[in-house]
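Protein chains in written order, with this note's numbering: chain H, -9 to 103; chain B, 5 to 119. What follows is a set of notes on a single structure, which appears directly below.
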């Protein structure tokens, strides 16, 4: 069965800290890995990674994928209280002509002032 | 542009009752997905529509769940009769491209509580 494991499950830091969120996976027919941020209700898209070793960056957030070791990390530098959210990692898998996401449980990040 | 909208935001019903959740995808998005998160667990895939056709319904838990997308626009997910373990948040998502070559846009979810 396809599996995505995120760690830690929960993290509390102070503003200005840098955090690294981890996502490892065991899936068949890997297509891409995605990171989402869920602040209140709807998960919102952050990054999609398909190739190893190519860092994707958006402001203070960055992410990289290692397809050999089957993991990805999401870095957030100089954290702000607005970064508090659940960060979801999902792997897009393909089954025949079908595509679906397999999610991890998420990492709950709390940034305190 | 309106995002993915879901109705209701929260529904509380008793075991054995019926609930219908609705999802309006982003206009023009042929691909519509239903996912579910039960407490303490991961968000799990339920099914995928391409227009009005069920492309993949391998994640549907059992035959108490019925999803429809008549006309290829909005979709409904009916649970009948509801059981306690059906409680959770039901997310709908849509995308223009199959295979997530583009982004997958999520709705805010419909929380279902079965008492």
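All residues carry an ideal CB built from backbone N, CA and C; glycine is no exception.
Give the interface partners of residue i over in chain H, defined as CB-CB distance under 8 Å, in chain order.
{"i": "residue 59 of chain B", "result": "87 and 88"}
{"i": "residue 108 of chain B", "result": "24, 35 and 91"}
{"i": "residue 49 of chain B", "result": "90, 91 and 92"}
How would you label residue i, buried or exposed, when you count the other beta carbons within 10 angstroms and need 16 or more for buried?
{"i": "residue 111 of chain B", "result": "buried"}
{"i": "residue 66 of chain H", "result": "buried"}
{"i": "residue 99 of chain B", "result": "buried"}
{"i": "residue 36 of chain B", "result": "buried"}
{"i": "residue 79 of chain B", "result": "buried"}
{"i": "residue 90 of chain B", "result": "buried"}
{"i": "residue 70 of chain B", "result": "exposed"}
{"i": "residue 55 of chain H", "result": "buried"}
{"i": "residue 86 of chain B", "result": "buried"}
{"i": "residue 92 of chain H", "result": "buried"}
{"i": "residue 33 of chain B", "result": "buried"}
{"i": "residue 6 of chain B", "result": "exposed"}
What residues in its chain sit with their C-beta under 6 Å from that of residue i, if we drop five residues either side in the sequence?
{"i": "residue -7 of chain H", "result": "16"}
{"i": "residue 42 of chain B", "result": "92"}
{"i": "residue 119 of chain B", "result": "18"}
{"i": "residue 4 of chain H", "result": "102"}
{"i": "residue 82 of chain B", "result": "24 and 70"}
{"i": "residue 21 of chain B", "result": "86"}
Just to confirm the assignment, what range does the beta strand (DSSP E) spanning residue i have?
{"i": "residue 78 of chain H", "result": "75 to 85"}
{"i": "residue 64 of chain B", "result": "Residue 64 of chain B -> no beta strand (DSSP E), and no H or E assigned at all."}
{"i": "residue 7 of chain H", "result": "Counting along the chain, residue 7 of chain H falls outside any beta strand (DSSP E), and DSSP gives it neither H nor E."}
{"i": "residue 48 of chain B", "result": "47 to 54"}
{"i": "residue 19 of chain H", "result": "First-last for residue 19 of chain H: undefined, no H or E at that position."}
{"i": "residue 90 of chain H", "result": "88 to 93"}
{"i": "residue 82 of chain B", "result": "79 to 83"}
{"i": "residue 87 of chain B", "result": "No beta strand (DSSP E) contains residue 87 of chain B, which DSSP labels as neither H nor E."}
Take residue i and list the residues in its own chain whose beta-carbon comes closer than 7 Å to its own, dropping the five residues that flank it on each side.
{"i": "residue 9 of chain B", "result": "28 and 111"}
{"i": "residue 74 of chain B", "result": "56"}
{"i": "residue 38 of chain H", "result": "22 and 24"}
Per DSSP, which residues does residue i bridge with? Please list them.
{"i": "residue 46 of chain H", "result": "H:53"}
{"i": "residue 92 of chain B", "result": "B:116"}
{"i": "residue 66 of chain H", "result": "H:9 and H:51"}
{"i": "residue 41 of chain B", "result": "B:47 and B:93"}
{"i": "residue 17 of chain B", "result": "B:118"}
{"i": "residue 28 of chain B", "result": "B:9"}
Kindly list, in the order they appear in chain H, the residues whose Cβ is closer than 9 Å to that of residue i.
{"i": "residue 33 of chain B", "result": "By Cβ distance, chain H contributes nothing, its closest Cβ being about 14 Å from residue 33 of chain B, past 9 Å."}
{"i": "residue 112 of chain B", "result": "30, 31 and 32"}
{"i": "residue 14 of chain B", "result": "Residues of chain H passing the Cβ test: none, with the nearest at roughly 11 Å."}
{"i": "residue 53 of chain B", "result": "In chain order: nothing, as chain H lies at least about 11 Å away."}
Please compile the residues from chain B whose C-beta is within a distance smaller than 7 Å of the C-beta of residue i.
{"i": "residue 94 of chain H", "result": "46"}
Please check if any C-beta of chain C sits within less than 8 Å of the C-beta of residue i.
{"i": "residue 45 of chain H", "result": "The chain inventory of the structure shown lacks chain C, comprising the protein chains H and B."}
Leaving out the 5 sequence neighbours to the left and right, which residues in its chain are closer than 8 Å to residue i when beta-carbon positions are compared?
{"i": "residue 58 of chain H", "result": "42"}
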